[in-house]
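**Q**
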Amino acid sequence: LTGTGCTSTIKTPVTTTESSQTDLSTNQTTQSVGAVADLDAFRATMIRALIWATPILVHPGERSTLHWQGREVTSCSVAGSNGDGTGVNETGTWTGTAGEQPTSVLSAGTIYTVTCTAFNGTTVVSSTTVGLIPTFQEQ
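Structure follows, in structure tokens:
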């Protein structure tokens, strides 16, 4: 603050962090547990790979849109049982920790799988299926 006869001093608090050793096993072996290890352990509980399609059912000859998202992951790839996302057809290769892509024109039910690598090297996998709406003909 400033003004006639007015002064103010702001003091920034100082935080001191100390580490200690904790007995983590029954055989009395002592290991040091740090903030990074605690954070990594927490992050490991959050690792997920999610995939979903909209719509989940289509008529033969239609497309769906795939959506995927990885949590606490460094990379993901998506592949369809019909070759979508693998580079073998017009859809190209689908990668990234999150994204959405239109499928190819579907003529059969197709399973889509997202495979992600987590920050700690763990692999997580999730799948969804886009089904076909049956077509009926009167006789």
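With the first letter of the sequence shown counted as 1, position 84 gets the number 86 in the numbering used here; the numbers rise by one all the way through.
In this text, a Cβ means the ideal position worked out from N, Cα and C, and glycines have one as well.
#1: In the structure shown, what three-state DSSP assignment does V90 receive?
#2: Just to check, is the beta-carbon of A100 closer than 7 angstroms to a non-hydrogen atom of the ligand SAH?
#3: Can you check the stretch 36 to 117 for any beta strand (DSSP E) of at least 3 residues that lies completely inside it and give the ranges in chain order?
#4: Decide if the stretch 74 to 84 is in contact with the stretch 35 to 49; the criterion is three or more beta carbon pairs, one per stretch, under 8 angstroms apart.
#5: Nearest by alpha-carbon distance to V132: which of T88, T112 and F138 is it?
#6: Output yes or no for whether 8 angstroms exceeds the beta carbon distance between Y114 and V60.
#7: Cutting at 6 angstroms between CB atoms, please list the residues of its own chain near N84, excluding the five before and the five after it.
#8: Would G98 and C78 qualify as a contact pair, given that the criterion is a beta-carbon distance under 8 angstroms?
**A** In short, the structure shows the following:
#1: Mapped onto the sequence shown, residue 90 falls at position 88. If DSSP states are grouped into helix, strand and coil, V90 belongs with coil.
#2: Although the ligand SAH was asked about, the structure shown includes no ligands whatsoever.
#3: Segments of the beta strand (DSSP E) lying fully in the stretch 36 to 117: 50 to 56, 67 to 73, 75 to 82 and 100 to 104.
#4: With the cut-off at 8 angstroms, the stretch 74 to 84 and the stretch 35 to 49 touch.
#5: What you label residue 132 is simply residue 130 of the sequence shown in a count that begins at 1. It is T112.
#6: Walking along the sequence shown from the start, residue 114 turns up at place 112. Walking along the sequence shown from the start, residue 60 turns up at place 58. A distance of 8 angstroms or more separates the beta carbons of Y114 and V60.
#7: Translated into the one-based positions of the sequence shown, residue 84 becomes position 82. T112, listed in sequence order.
#8: Position 96 of the sequence shown, counted from the start, is the residue given in the question as residue 98. Position 76 of the sequence shown, counted from the start, is the residue given in the question as residue 78. Cβ atoms of G98 and C78: closer than 8 angstroms.
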